[in-house]
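Q: Using our numbering, you'd call the opening residue of the sequence shown number 110 and step up by one each time.
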Amino acid sequence: MKIDILSLFPEMFTAVLHESILKRAQEKGQVVFEVTNFRDFTTNKHNKVDDYPYGGGAGMVLTPQPLFDAVKAIKSKNETTPKVILMTPQGRPFTQAIAEELAQEEHIVLVCGHYEGFDERIVEYLADDEISIGDYVLTGGELAAMVVTDAVVRLLDDVIVSDSHENDSFSMGTLEHPHYTRPADYEGMKVPDVLLSGHHKNIEQWRREQALIRTAKRRPDLLVSMSLTDNERALVAEIISEK
Ligand code: ADE
């Protein structure tokens, strides 16, 4: 997969793309990252990327020219037709399902906004999609692009052991069950007996119940679209009524 990032602050990506799993994925050729400063594409004398909003008001708006030209350059350099995604609080809320959808793409371009936002012609004619990482406003789209990149790359084939993302929170439809490791007794704080029993069926059942209990308590909204057995439905109803 190829991930192009267009940003006015490319150095912000150095640490994130060159450490840990993203670094390894790149070294193994599972992903290619290219971070480009779209200020380099400005054709005006002072390399300005923004201007005052028509109609007045506070804040500056990113002008179309540098971003249209930067995307054109990416398209002419690659044989693939990338999906162009703006990082913006106006976008659709990012979820695990969207990460899974993007992990199927051959090539994406993440565009990091700044200031008041993008001139609407960028939104209408250049972008294929707009993504928000949450209902809060960041100083720019860089952190959002890092979040999306991280969530997508870990889903690519063989980047991490596939079992570990098939059981992820959200992939399962629920939050994850609690995890424990050695020691079985840490200063009187004990691991639940069932996990030490070696009885796989009971362990699976305990985990499923714990995931449902946790989800019912913390994120009942996730349960609405899930298919549950009668017993599970009763368990969830009990937790919700206790709350
Ligand atoms: N840019 C500023 N805030 C953002 C957000 N919440 N998501 C994506 N991009 C952003």
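Here a beta-carbon is modelled for each residue, glycine too, at the ideal position from N, C-alpha and C. Computed from a predicted model, the values in this text were never measured in an experiment.
How about the region 121-134 and the region 181-196: do they share at least three Cβ pairs that are nearer than 8 angstroms?
A: No, they do not touch.
Q: So, for residue 326: in the same chain, excluding its five sequence neighbours on each side, which residues have a beta-carbon less than 8 angstroms away from its beta-carbon?
A: 348, 352, listed in sequence order.
Q: Going by alpha carbons, who is nearest to residue 242 out of 234, 253, 344, 271?
A: Comparing Cα positions, the closest option is 253.
Q: So residue 261 and residue 211 are in contact, right, with Cβ under 8 angstroms, and what is the actual spacing, rounded?
A: Their Cβ separation, rounded to whole angstroms, is 5 angstroms, which keeps residue 261 and residue 211 in contact under 8 angstroms.
Q: Would you say residue 253 touches the ligand ADE, meaning its beta carbon is less than 7 angstroms from a heavy atom?
A: Yes.
Q: Measuring only the C-alpha atoms, how far is residue 320 from residue 169?
A: Their Cα atoms are separated by approximately 46 angstroms.
Q: Just checking residue 176 against the ligand ADE - is the residue's beta carbon closer than 7 angstroms to any of the ligand's heavy atoms?
A: Flag unset: Cβ of residue 176 not near the ligand ADE.
Q: Counting pairs of beta carbons, one from the region 137-152 and one from the region 190-206, are three or more of them closer than 8 angstroms?
A: Short answer: they don't touch.
Q: Put residue 238 into one of helix, strand or coil per three-state DSSP.
A: In the structure shown, residue 238 sits in a strand (DSSP, three-state: E or B).
Q: Work out the CA separation of residue 255 and residue 127 for me, nearest whole Å.
A: Looking at the two C-alpha atoms, the distance is approximately 12 angstroms.
Q: Whole angstroms is fine: what's the gap from residue 166's alpha carbon to residue 159's?
A: Their backbone Cα atoms lie some 14 angstroms apart in a straight line.
Q: Within the present structure, is the beta-carbon of residue 121 separated from the nearest heavy atom of the ligand ADE by less than 7 angstroms?
A: Incorrect: residue 121 has no Cβ contact closer than 7 angstroms to the ligand ADE.
Q: Check for me: the beta strand (DSSP E) holding residue 116 runs from which residue to which?
A: Unbroken beta strand (DSSP E) run through residue 116: 111-116.
Q: If distances are taken between C-alpha atoms only, which option among 116, 312, 148 comes closest to residue 219?
A: The residue with the shortest Cα to Cα distance from residue 219 is 116.
Q: So residue 201 is in the beta strand (DSSP E); what residue range does that whole segment cover?
A: Where residue 201 is concerned, the enclosing beta strand (DSSP E) stretches over 192-202.
Q: Could you spell out the range, first to last residue, of the beta strand (DSSP E) harbouring residue 142?
A: Residues 141-146.
Q: Could you check whether the region 215-233 touches the region 176-183, counting it as contact only if at least three pairs of C-beta atoms, one from each stretch, sit closer than 8 angstroms?
A: Segments in contact, yes.
Q: Taking the DSSP output, what are the residues bridged to residue 298?
A: In the DSSP output, where bridge partners are listed per residue, residue 298 has 295.
Q: So for residue 227, helix, strand or coil by DSSP?
A: DSSP places residue 227 in strand when its eight states are reduced to three.
Q: Do residue 303 and residue 312 have their C-beta atoms closer together than 8 angstroms?
A: Yes, they are a contact pair.
Q: Relative to the ligand ADE, is the shortest distance from any of its heavy atoms to the C-beta of residue 204 smaller than 7 angstroms?
A: Result no, Cβ not under 7 angstroms from the ligand ADE.
Q: Indicate, with yes or no, if the ligand ATP has a heavy atom lying under 7 angstroms from the CB of residue 247.
A: In the structure shown, the ligand ATP is absent; the only ligands present are the ligand ADE.
Q: Taking the continuous beta strand (DSSP E) assigned at residue 332, which residues delimit it?
A: Careful: residue 332 lies outside any beta strand (DSSP E) and carries neither H nor E.
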